Amino acid sequence: MEKAYNVVTKFLKFAIVIVFSILVASCVLQVFTRFVLNSSLSWTEELARYTFIWANMLGAILCTKNKSNATVSVITDNLSVEKQLLLRKIVNLLSIIIGLILLFYGSRVAWAVRTQLSPALRISMSFVYGAAPVFGTLLIFYSIYDIYSSHNMEVIK
1111 MEKAYNVVTK
1121 FLKFAIVIVF
1131 SILVASCVLQ
1141 VFTRFVLNSS
1151 LSWTEELARY
1161 TFIWANMLGA
1171 ILCTKNKSNA
1181 TVSVITDNLS
1191 VEKQLLLRKI
1201 VNLLSIIIGL
1211 ILLFYGSRVA
1221 WAVRTQLSPA
1231 LRISMSFVYG
1241 AAPVFGTLLI
1251 FYSIYDIYSS
1261 HNMEVIK
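When we follow the working numbering, the leftmost residue of the sequence shown carries the number 1111, and every step to the right adds one.
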């Protein structure tokens, strides 16, 4: 499990770097062509929009993995360690359910729009809508890993 976790995390970080690089490059290119050349490219805004979607999804997964999502911990800070671990498992189970919903319905939507092409880039819209099932899959993976690792922490105690 540890090896798969490390491989997936390395790939996730690599994908985030690539997606953010494409996002920044397309925005810079759009600004340059619009304000310096006085002629904007039609596809850069669309590329930025689609990479922004992917960047958000992948970034949210990285936040989930690092447990750096915004939280309100006023209640959980006052719970015992055992209750905090139980609450963590419940949150992870809810995350798995949400991940399954995103995986199932996101895959259905991505499949339904597979023949639809984006206006400027002429790429399949499955690429855009595919972010939801990828997010769902990674959410399930990291939630299962967190349950597994928190269970190991309980065994050690």
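Ideal placement from N, C-alpha and C gives every residue a C-beta, glycine not left out. All of these numbers come straight from a predicted model, not from anything done at the bench.
Asked	Found
As assigned by DSSP and simplified to three states, the class of residue 1151	coil
Rounded C-alpha distance that separates residue 1151 from residue 1191	56 Å
At least 3 beta-carbon pairs within less than 8 Å: the segment 1177 to 1193 vs the segment 1133 to 1143	no
Cβ neighbour criterion (16 or more within 10 Å) applied to residue 1164	buried
Every unbroken alpha helix (DSSP H) inside the segment 1174 to 1241 [4 residues or more]	1191 to 1222, 1235 to 1239
Cα-Cα separation, residue 1253 to residue 1147	48 Å
Three-state class that DSSP yields for residue 1111 in the structure shown	coil
Three-state secondary structure assigned by DSSP to residue 1146	coil
Outcome for residue 1222 when other beta-carbon atoms lying within 10 angstroms are tallied against a minimum of 16	exposed
Exposed unless 16 or more other CB atoms sit within 10 angstroms - verdict on residue 1251	buried
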